[in-house]
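> Numbering (UniProt numbering), first residue to last: 1 to 266. Heads up, the beta-carbon is just placed ideally off N, CA and C, and yes, glycines get one too. If you scroll down you'll find the structure; I have some questions about it.
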Amino acid sequence: MTLPDTPEQTPLTADTVLRYHLCWKHRDLDGVMALYHPDIQYHDFFQNRVLGFDELRDYVRASLPHAAGEDIVHSDRIRVDGCTAFIQYQVTVQGGDGLVAFQSSEAITVKDGLIWRINEYATLVRRNAKGSDRSSPRPATSRLGLSPRQLSTMAQDLEHYFQRQRPYLDPELDLQQVAEASGYSRNQISYLLNQVLGQSFYRYVNQARLQHLLASLDDSCTRMPVDDLAFAAGFNSLSAFYKCFREHTGLSPKAYVKQISLRART
1 MTLPDTPEQT PLTADTVLRY HLCWKHRDLD GVMALYHPDI QYHDFFQNRV
51 LGFDELRDYV RASLPHAAGE DIVHSDRIRV DGCTAFIQYQ VTVQGGDGLV
101 AFQSSEAITV KDGLIWRINE YATLVRRNAK GSDRSSPRPA TSRLGLSPRQ
151 LSTMAQDLEH YFQRQRPYLD PELDLQQVAE ASGYSRNQIS YLLNQVLGQS
201 FYRYVNQARL QHLLASLDDS CTRMPVDDLA FAAGFNSLSA FYKCFREHTG
251 LSPKAYVKQI SLRART
């Protein structure tokens with residue numbers, strides 16, 4: 001099918017895509033759906049899926065940011081040529097050792113004032129310890145119905161759950177318990193941690209335990225021995241605690257405590 005792809009079409013396309021962008025920004029599900037053409041095909045190449053109109057309401061609902069200010073940053077202005085617009089943005093995923101993000105782009109085709117085609121691409125990028133970006137091997141194709149935006153939301157939900165409920169204080173915490181409490185499946189959580197954040201479930205949990213312990217050490221009122229603090233934070237093995245501590249701080253617990261003591265005297 002030949003679409004009107006002339007300079008006169010450019011401002012019409014720009015208007016439609018800008019309204020679409022603002023609906024996403026303001027979490028307006030009905031507004032997003034109203035801009036889709038009845039014959040839309042949404043190609044999500046990260047998941048290797050093609051979605052039609054009837055599938056898109058649930059897809060969009062799960063992808064919309066839960067709150068204003070979610071970590072979606074547009075890296076370029078909307079570029080428009082005829083009936084096609086191009087959007088580039090970065091979706092930050094919280095919970096990794098460093099910055100983990102998806103560099104995403106969408107090619108959006110407009111027909112009769114409505115969005116008729118979307119081709120969405122995403123590449124996983126991790127920032128290394130030196131602060132430079134590097135592309136990571138593409139995660140195994142998600143068969144779990146999770147787009148990059150959904151993975152970002154899931155990571156935020158998981159982090160908020162750990163911050164508010166502090167399940168890591170239970171030394172027997174396992175993946176099944178977290179899945180039941182968070183509302184996500186074991187497979188979804190494993191995919192996020194292993195394929196996107198690049199770490200195991202137990203490493204993720206131990207990092208939360210360590211942050212809890214470090215906050216206790218920085219509290220001048222704390223007088224408990226470090227080993228006791230480790231068990232109170234949920235570690236069930238001192239060897240695991242010492243390994244996690246040194247990986248994160250580069251110091252032994254004894255040296256770290258001494259450093260805090262010296263800072264307090266100055």
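With a cut-off of 8 Å, do at least 3 Cβ pairs link the stretch 198-209 to the stretch 159-177?
yes
> For G113, collect the residues of the same chain with a Cβ closer than 8 Å to its Cβ; drop the 5 residues on either side in sequence, then sort them by chain order.
L12, T16
> I need the DSSP call for S252, collapsed to helix, strand or coil.
coil
> Determine the burial state of A215: buried for a count of at least 16 other Cβ atoms within 10 Å of its Cβ, exposed for fewer.
Flag for A215 reads exposed.
> Give me the Cα-Cα distance between L146 and Q47, rounded to the nearest whole angstrom.
7 Å
> With DSSP collapsed to three states, give me the class of G69.
A caution first: G69 carries a pLDDT of 49, below 50, which makes its placement in the model unreliable, though a value can still be read off. In the structure shown, G69 sits in coil (DSSP, three-state: anything other than H, G, I, E or B).
> Who pairs with F86 in a beta bridge, going by DSSP?
Residue pairing by DSSP places F86 opposite R79, A107 in a beta bridge.
> If Y161 sits next to A181, beta carbons under 8 Å apart, how far is it from one beta carbon to the other, in whole angstroms?
7 Å
> Would you mind stating whether D227 and L238 have Cβ atoms separated by less than 8 Å?
yes
> For A155, is the classification buried or exposed, using 16 other Cβ atoms within 10 angstroms of its Cβ as the cut-off for buried?
buried
> Across which residues does DSSP place R203 in a beta bridge pair?
In DSSP, R203 forms no bridge with anything.
> Would you tell me roughly how many angstroms separate the C-alpha atoms of A129 and V100, rounded to the nearest one?
Confidence at A129 is low in this model, with a pLDDT of 49, below 50, so its placement is unreliable and the value that follows should be read with caution. Roughly 12 Å separates the two Cα atoms.
> So, are the CB atoms of I78 and I72 less than 8 Å apart?
In this structure, I78 sits away from I72, with a CB-CB distance that is not shorter than 8 Å.
> Just to confirm, is the Cβ distance from D218 to I189 under 8 Å?
no
> Measure the alpha-carbon distance for residue 276 versus V60 and round it to whole angstroms.
Outside the shown range of the chain (1 to 266) lies residue 276, about which nothing can therefore be said.
> Under 8 Å, do Y191 and L158 count as touching if we go by C-beta distance?
Inclusion of Y191 and L158 in the CB contact set at 8 Å is not warranted, their separation being larger than that value.
> Where T6 and T153 are concerned, what is the direct C-alpha to C-alpha distance, given to the nearest angstrom?
T6 and T153 have their C-alpha atoms some 38 Å from each other.
> Considering just the uninterrupted stretch of the beta strand (DSSP E) at H160, what are its terminal residues?
First-last for H160: 148-165, but that is the alpha helix (DSSP H), not the beta strand (DSSP E).
> Mind reading off the beta-carbon distance from H43 to I118? Whole number of angstroms is fine, and I expect it under 8 Å.
7 Å
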